[in-house]
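S.K.: Before I ask anything, let me first share the structure, which is written out below as structure tokens.
Protein chains: 2
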Amino acid sequence: MYRIGELAALYDIKADTLRFYEKHGLLSPSSRSDSGYRLYNQDDSERLKFILRAKAVGFSLNDIADLLSIEVDKSNRACAEVKGLVDTKLEQVEAKLAELQHFATSLKSLSNTCCGGPDSAEHCSILEALESSDQHIIAKKEHHHFSHSGHKD
Amino acid sequence: MYRIGELAALYDIKADTLRFYEKHGLLSPSSRSDSGYRLYNQDDSERLKFILRAKAVGFSLNDIADLLSIEVDKSNRACAEVKGLVDTKLEQVEAKLAELQHFATSLKSLSNTCCGGPDSAEHCSILEALESSDQHIIAKKEHHHFSHSGHKD
DNA sequence: ATAAACCTTAGAGTTTAATCCAAGGTCAAG
DNA sequence: CTTGACCTTGGATTAAACTCTAAGGTTTAT
Numbered sequence: 000m001y002r003i004g005e006l007a008a009l010y011d012i013k014a015d016t017l018r019f020y021e022k023h024g025l026l027s028p029s030s031r032s033d034s035g036y037r038l039y040n041q042d043d044s045e046r047l048k049f050i051l052r053a054k055a056v057g058f059s060l061n062d063i064a065d066l067l068s069i070e071v072d073k074s075n076r077a078c079a080e081v082k083g084l085v086d087t088k089l090e091q092v093e094a095k096l097a098e099l100q101h102f103a104t105s106l107k108s109l110s111n112t113c114c115g116g117p118d119s120a121e122h123c124s125i126l127e128a129l130e131s132s133d134q135h136i137i138a139k140k141e142h143h144h145f146s147h148s149g150h151k152d
Numbered sequence: 000m001y002r003i004g005e006l007a008a009l010y011d012i013k014a015d016t017l018r019f020y021e022k023h024g025l026l027s028p029s030s031r032s033d034s035g036y037r038l039y040n041q042d043d044s045e046r047l048k049f050i051l052r053a054k055a056v057g058f059s060l061n062d063i064a065d066l067l068s069i070e071v072d073k074s075n076r077a078c079a080e081v082k083g084l085v086d087t088k089l090e091q092v093e094a095k096l097a098e099l100q101h102f103a104t105s106l107k108s109l110s111n112t113c114c115g116g117p118d119s120a121e122h123c124s125i126l127e128a129l130e131s132s133d134q135h136i137i138a139k140k141e142h143h144h145f146s147h148s149g150h151k152d
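Chains as they are written, first to last, in numbering that gives the first Met the number 0: chain V, 0 to 152; chain X, 0 to 152.
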């Protein structure tokens, strides 16, 4: 059995984080000491490991709650459900990736056209591009056709 | 002169967004009507265009405040300052890009090893990978050596 | 003159994932 | 029996960029 600080140290996270996960239904200690201290057993520890791995591949805590609900009832759940969560997340990650790649391309163009010297920014090509939206420097955002949410406009 | 709703419609944003930008010092209307309505002129509109373009290349509103403070005092500011902001942002974007690419790689591996069928998830390879952290499926996060902040661990 | 569409304000809510705080209880060592 | 390290709780705070609400004032058209 681990107390909260011990389990936290084991995974290099804060005790606060464990309390946070508990509040959000991800991980509750299997028991409490007489004085009310949280006591985590090996299963709790495994569950935490699962959570941290899922985080490491990009799942949000909400996603992880869904994954855990399947994990604890595996035999009555379908592979397709699990794969669906992974594929949905992959789409989200790839959408974000595309946006950031667009940012990176634009920023590189901006950086390359600027002298970067100590002289006045009066004719700075970066500022001019932001004033005039030079097509050569700031790429236009593509409009994607997939409509299935994800946006907040 | 535009009223808030008119300017918002012009750039396909919400009036709320303009009030938000004002509260955060990015854009204030150059005047008010007798009854207190915000009135934006052409310069205000240009400034808004600048803000939206900067957003489109990945700058946060805080970054944009910095950019604007240089823009309005161009002749006393150096090109190097502007380029510095761009290069810093580029580094941040590339760091995030690396993280998301790592996520995408792992998620693709997970997806590829799973049958995705309607049968029980009891032996689902995705869940197994999250339970055991299969080295072949979940890539390990590299430890970058650049120390200049940016993380939240 | 009244309804619809627009505007005003302050302030609360959203999302994500913690992190921090205060006031107090517990436990082991000396 | 006291010190220090640990634990408890509820609630506030952070960052980012809005978005919404409530309660009310203004403008325009019929």
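Cβ coordinates follow ideal geometry from the N, Cα and C atoms, glycine included.
Since the model is a prediction, treat every value here as computed from it, not as a measurement.
1. Can you pull the chain X neighbours of Asp86 (chain V), defined as C-beta to C-beta under 9 Å?
2. What residues of chain V sit near Asp15 (chain X), judged by a beta carbon separation below 8 Å?
3. Which residues in chain V sit within 8 Å of Phe49 (chain X), going by Cβ to Cβ distance?
4. Give the straight-line distance between the Cα atoms of Gly24 (chain V) and Leu109 (chain X), rounded to the nearest whole angstrom.
5. For Leu66 (chain X), which of helix, strand or coil comes out of DSSP?
6. Is the separation between the beta-carbon of Arg2 (chain X) and that of Arg37 (chain X) shorter than 8 Å?
7. Would a check of beta-carbon distances place Gly24 (chain V) closer than 8 Å to chain X?
8. In terms of residue numbering, what span does the alpha helix (DSSP H) encompassing Val85 (chain V) cover?
9. Would you kindly check if the distance between the Cβ of Val92 (chain X) and the Cβ of Phe102 (chain V) is under 8 Å?
10. Mind listing the chain V neighbours of Lys73 (chain X)? Cutoff is C-beta to C-beta under 8 Å, in chain order.
11. Identify the continuous alpha helix (DSSP H) that holds Arg52 (chain X) and give its terminal residues.
12. So Ile125 (chain V) packs on Val85 (chain X), CB below 8 Å; how close in whole Å?
13. Find the nearest neighbour of Leu89 (chain V) within the set X:Asp62, X:Leu99 and X:Ala94, judged by alpha-carbon distance.
14. Are Lys73 (chain V) and Ser119 (chain X) closer than 8 Å when you measure CB to CB?
15. State the start and end residues of the unbroken alpha helix (DSSP H) segment that holds Asp33 (chain V).
16. Output yes if chain V places a C-beta closer than 8 Å to the C-beta of Gly57 (chain X); else output no.
17. Taking contact to mean 3 or more Cβ pairs, one atom from each stretch, closer than 8 Å, check whether the region 63-70 of chain X and the region 6-25 of chain X are in contact.
18. Taking 8 Å as the CB-CB cut-off, is Lys54 (chain X) touching chain V?
19. Helix or strand or just coil, what does DSSP make of Arg18 (chain V)?
20. Taking the DSSP output, what are the residues bridged to Ser119 (chain X)?
21. Starting from Ile125 (chain X), trace the alpha helix (DSSP H) in both directions and tell me its first and last residue.
22. Show which residues of chain X have a CB atom less than 8 Å away from the CB atom of Arg76 (chain V).
23. Work out the CA separation of Ser30 (chain V) and Asp11 (chain V) for me, nearest whole Å.
24. Please report the straight-line C-alpha distance between Ala39 (chain V) and Ala55 (chain V), rounded to a whole angstrom.
25. Please go through the same chain and pick out, in chain order, the residues whose beta-carbon is closer than 6 Å to the beta-carbon of Tyr20 (chain X), but skip the five residues on each side of it.
26. In angstroms, rounded to a whole number, what distance separates the CA positions of Asp43 (chain X) and Ala8 (chain X)?
M.R.: If we stick to the structure as given:
1. Leu106, Ser110 and Gly115
2. Ordered by position in chain V, no residue passes the 8 Å Cβ test against Asp15 (chain X), which lies about 12 Å from the chain.
3. Leu129 and Glu130
4. 25 Å
5. helix
6. yes
7. no
8. Cys78 to Thr112
9. yes
10. Ser119, Ala120, Glu121, Cys123 and Leu126
11. Gln41 to Ala55
12. 6 Å
13. X:Leu99
14. yes
15. Note, Asp33 (chain V): premise wrong, no alpha helix (DSSP H); not H, not E.
16. yes
17. yes
18. no
19. helix
20. V:Ala77
21. Ser124 to Ser131
22. Ser119 and Ala120
23. 22 Å
24. Inspection of the sequence shows that residue 39 (chain V) is occupied by Tyr rather than by Ala. Approximately 22 Å, taken between the alpha carbons.
25. Leu26
26. 14 Å
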